[in-house]
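The end of the sequence shown is residue 964 by the working numbering, with every number in the run present.
Note that the Cβ used here is the ideal one computed from N, Cα and C, for glycine as well.
Only a predicted model underlies this, so the values are computations on that prediction, with no experimental measurement involved.
Comments concern the structure below.
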Amino acid sequence: MKEEISLLLEKEESPTLEFKRQWYWDDSTLPDDMADKWGELIKDLISLANGYINKAGEYRYLIFGFSETEKKTYNLDVSNIKQLKNLTRFKKDLLQRLEKVTKPSFIDINIKMLTVEEDNLLVFEIPCPTQLVELKNELKTKTRHLDQGAILVRKGQKSDEVRTASPDEIETLKLELLKYSESTLYKKMNEQIEPSTSEKSIEKTIQLFIDKNSSFSLADKYPIKERNWKDNIVFEIYRLEDGFSGLKEFVYIHESSNQGRTLAEIKKRELLNNIKSSIILIDRPKIKDVERRKTNIKRLFNTEYVFFIDEFGYEHLYKDCMLPYEKFNLPVYVDGLYDAGDVCDLPAIARLKEWFESENEPLFVVSGHGGIGKTTLAKQFLDSVSDTNTEPGILFIDSKEIISELSRNFSIENKVSDVFDFYKALMDADDIEGARFDKELLQLSIDNGSLVVVLDGIDEVIAKLGDKFDVELFITSIFDEYSSGLNKTKVLITCRDHFWNEVGKKILLPEITLKAFNTELANDFFEQKLKGDKRKVVKAMEMAENLAIESSVSLETTSRKTYIPFLLDMIGYLIDSQGLSTNHQESFESQYLIPDNHTDQLVAQVCRREIVKLESLSIDQQVELFIRIASGKQNGISLYDIKEELTAIVSDFDDSLIEKIKGHPLIQCENNMIYFRYDVFDTYFKGLLVYYFFKNKDADTITDELVRIVSGYLKYDSSFTATVAEKLELDDELIIFCIEVIETANDIQGVNHEMFVSSIVSFLMTLLQKCSNQQSNLNSRTELLEKLFGDNGALIGVCLVDIFGNTTSKPTFDFRGKVLKNCTFNNYEYFWECSIDEHTVFHTSIFKDIDPRMGINYKISNNLFASSCDLTSIQHLLTEKKEEFESTRDTVKAELEKVFKLFYQRGNFYPRKQEEVRKKLSAVKQLPNLMAKGVIENYKDPQKPTMKQYRVNKNYKSVVDYIEQGSPSSEFLSLIEELI
């Protein structure tokens, strides 16, 4: 089994897990009732196999002998259930029954009888299918008749309801299973099915032991590896020699091995010099009393040197490299929530714990808007890991602390592409002394499960490093290099938006998106933050109400309010430290802030309170200072550099102002550096900079820092772009300004011009989506592009970069009949969904990573790409289409020849009976097209007016010469081109 039974029994029922206290029938069940009983079993298995949305990749389990409500096992007595006395025979019978009613045939199932606390439990284990299981015949149960063609699903976690999936659910499930079937996760999970490919090895461990103990080397004819899966004799033996008389012998006993047979085989072949002094390495089992496994091995092999593989690695290879972990012990923690399919408000921390206990899931992503609680969740998760697991080390890497180090040490030619790059940057940035991991040791420690890694805020790294970060190589390395041995790798990533692109098609990345707090959670938060002070809690909730986001639940219900966690934390901090007695709905005037925006409103209220304290530094002057801090290349600003920034804002000040700024509620000062108190403010004030730039429409204020921020943060379908767009309106004046900005940016050196232009396009498309007076569609988007890049009927300089993912409004354009010059399409995965015809031509343009999205078919006309285009990166698409074109051409040509030859007789084309034509040409797919084009037409013979016939149109007489002599026929060749 893929999961330990004890762990399964601790879980709640879900679309992929069901408990039943007893079996469906026993020997006293009437024969007339048995068909319905079998129907119930088959119904439950099929619905469990299909599961529900967001369950692709999970194993399914049906467990008999356990009560979920009582959390108690019940012995499943099979003595009075004759079918279950022989599980091999029962499985054969079950599979035959399933084969009769399912398509594709549902045959992949594992059935085991397990003992838990002296009670027998029957467990059905079903690997995640790659296709939906459909009923090919009617299925009858005691209470229902399920129709042929139905697809059964289990609706949700809090209900074991089995029902027929809706058309929308079917489409979503099909896409999820297709993505899963093409993912690395599927390949890795299915490698484990075949014993020959499920081998684990200690080869890397031994090699690193030799590297650390250089006096040893591997003896000749070693290692010895035995893979006798049939008899469950699976082991490895390594003999190390030190050049003198000393030696060390290592034995690896595979978890699937029969220990007694394995020892007997080793003794029989005399493979060990001294069994007593040999070091035995074994896999750590998923049982509560893990030490018992070691005790049994010690007794059997008569040796004291027995280690779990990860234990040996920790003690003898990388113990000194482990950094100490101090628990975060968050003073306030409220369970974050997420939705899965139609099941709402699930606890996020429980999902992370479930992932931590799973195998073959090395990477997990927590996403969500800024300030939603991603970092808090990650820290709480690490504390829970520390509480329940004494073995794993913990490495928390805050991306913002290492960005400068990464930027300094990597380039476009030498990109960030590995977890080790983050680790090294952390060690260098903090100047941490002592032993360090090298890359191989880090890989081993993570793969062994000895080190759990959290990379917090990775999208910040991508935004600031741009082309210096190879996202695809980074993610695939986690699967390929850090999860290649024991498969215990656990890397947690937090980010605002999806940061992966093409790699998402190849690797299934488990992910949850955190939600804002509801009223109950907000109140719970303030109860903890304000230590139960009722007066303060009431005051905090009153202020939070003014900043709450209202969202409609349904047409029938009233709207409900949600609260951004970081705003609640800010309110709690202000009330607890300073008290707030003023009316927070006071109006304010600002160039940067608007009253309708919740965060703007809070920032304005905080800055207003500081005006007196900061010697009349106005709200906007404070905001301008924070914008300058946020827009710098470094994280934060030194106390020495802040004077220069203040000089640009106020004309006269002294050092006392800097001291007062250090006490501002929005910032904190550490080690002579000023940082934002909340990470989210760094992005927030960057957003204000971008908003003010487009609002003010002064191209002279453009700087390389602004270009860098726009290029790095203003992405299509991102929360940052949506936040900026909320405050602006799309009009011709803004579009004209954007044209001016694009031209001005050409003169700025050292920036990615294509990325910048694409960001401008993405920004305008986002504004178009929210337009109340104009709909975002193919025509309006194309019109926008023409306004930006149109020049004498051509489109010049279009750049679409990193535009990908599932979105409600496809970012496509109408390129029919258009000439496009000097364009760049890089990771624009909607390229082939744009409207293109034989008159579309691209000149001197660059194309990269434009593979079509799943299920998208496309055509490439002969003149689509001029010779001046750079097609190096899409050559595989061109070759694929060329081969497909030639294949299609040959198929169409063969079908046309078959059609014309049917009508050919005695040197000419003669009419044929319609019935005869349809019968003889039933396999010809082009026949309907030929009839639609009038190539084959209805014919009524005056001599036989009742006879229904077809004939070849007279315009195709030249085809006769082609059939007889192979002479070229322009009509025949044209017809082939039309039908391809």
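According to the DSSP assignment, Lys932 belongs to the beta strand (DSSP E) that extends over 928 to 936. Where Asn34 is concerned, the enclosing alpha helix (DSSP H) starts and stops at 15 to 34.
Gln427 carries a helical assignment under DSSP once its states are collapsed to helix, strand and coil.
Take Val437, set aside five residues on each side of it, and the residues of its chain with a beta-carbon closer than 6 Å to its own are Leu379, Val475, in chain order. Judged by DSSP in its simplified three-state form, Lys904 adopts helix. With a contact defined as Cβ atoms closer than 8 Å, Leu601 and Val634 qualify at about 7 Å. For Asp508, the enclosing alpha helix (DSSP H) stretches over residues 503 to 513. Here the alpha carbon of Leu247 sits roughly 7 Å from the alpha carbon of Phe285. Under the DSSP assignment, Lys358 falls in the alpha helix (DSSP H) whose first and last residues are 358 to 372. Here DSSP, grouped into helix, strand and coil, assigns Arg661 to coil. When the beta-carbon positions are compared, Ala413 and Glu385 come within less than 9 Å of each other. If you draw a straight line from the Cα of Phe809 to the Cα of Ser615, it comes to about 28 Å. The C-beta separation of Arg873 from Ile947 comes to about 18 Å, leaving the pair out of contact by the 8 Å criterion. In the structure shown, Cys112 adopts coil according to DSSP, grouped into three states. Straight across, the Cα-Cα distance linking Leu255 with Ser429 is about 29 Å. Under the DSSP assignment, Val436 falls in the beta strand (DSSP E) whose first and last residues are 435 to 440. Ranked by how close their Cα comes to the Cα of Ile578, the residues Thr497, Arg902, Val708 have Val708 in first place. Beta-bridge partners of Asn810 (DSSP): Val785, Lys832.
Taking a 10 Å sphere around the C-beta of Pro795, we find 16 or more other C-beta atoms and assign the residue as buried. Taking the CA atoms as reference points, Gly789 sits about 44 Å from Glu299.
Between Pro207 and the set Ser198, Ser185, Phe228, the nearest pair of CA atoms involves Ser185.
Separation of Pro895 and Arg935 (C-alpha to C-alpha, rounded to the nearest whole angstrom) is 4 Å. For the 9 Å CB-CB criterion, Leu439 and Ile477 form a contact.
At the C-beta level, Lys644 and Leu623 stay beyond 9 Å of one another.
When rounded, the separation of the alpha-carbon atoms in Glu511 and Thr583 is 22 Å. Here Ala19 is exposed. Its C-beta has fewer than 16 other C-beta atoms within 10 Å.
Here the region 263 to 280 makes no contact with the region 304 to 313; the two share fewer than three CB pairs at distances below 8 Å.
Within the region 36 to 102, the complete beta strand (DSSP E) segments of 3 residues or longer fall at 44 to 48, 94 to 100, listed in chain order. Contact between the region 719 to 726 and the region 666 to 683 is present: 3 or more CB-CB pairs across the two stretches fall below 8 Å. Around the CB of Lys520, 16 or more other CB atoms lie within 10 Å, so the residue is classed as buried.
By the neighbour-count definition (other C-beta atoms within 10 Å, threshold 16), Ser342 is a buried residue.
Closest in C-alpha terms to Ile396, from the list Thr374, Gln364, Gly450, Val369, comes Gly450. A distance below 7 Å between beta-carbons, with the five flanking residues on each side excluded, links Glu424 to the following residues of its chain, in chain order: Leu192. Looking only at Asp604, Glu118, Ile858, Phe572, the smallest Cα-Cα distance to Glu83 is reached by Glu118. Counting only the Cα atoms, Ala907 lies some 35 Å from Tyr814. A straight-line Cα-Cα distance of about 34 Å links Leu136 and Asp701.
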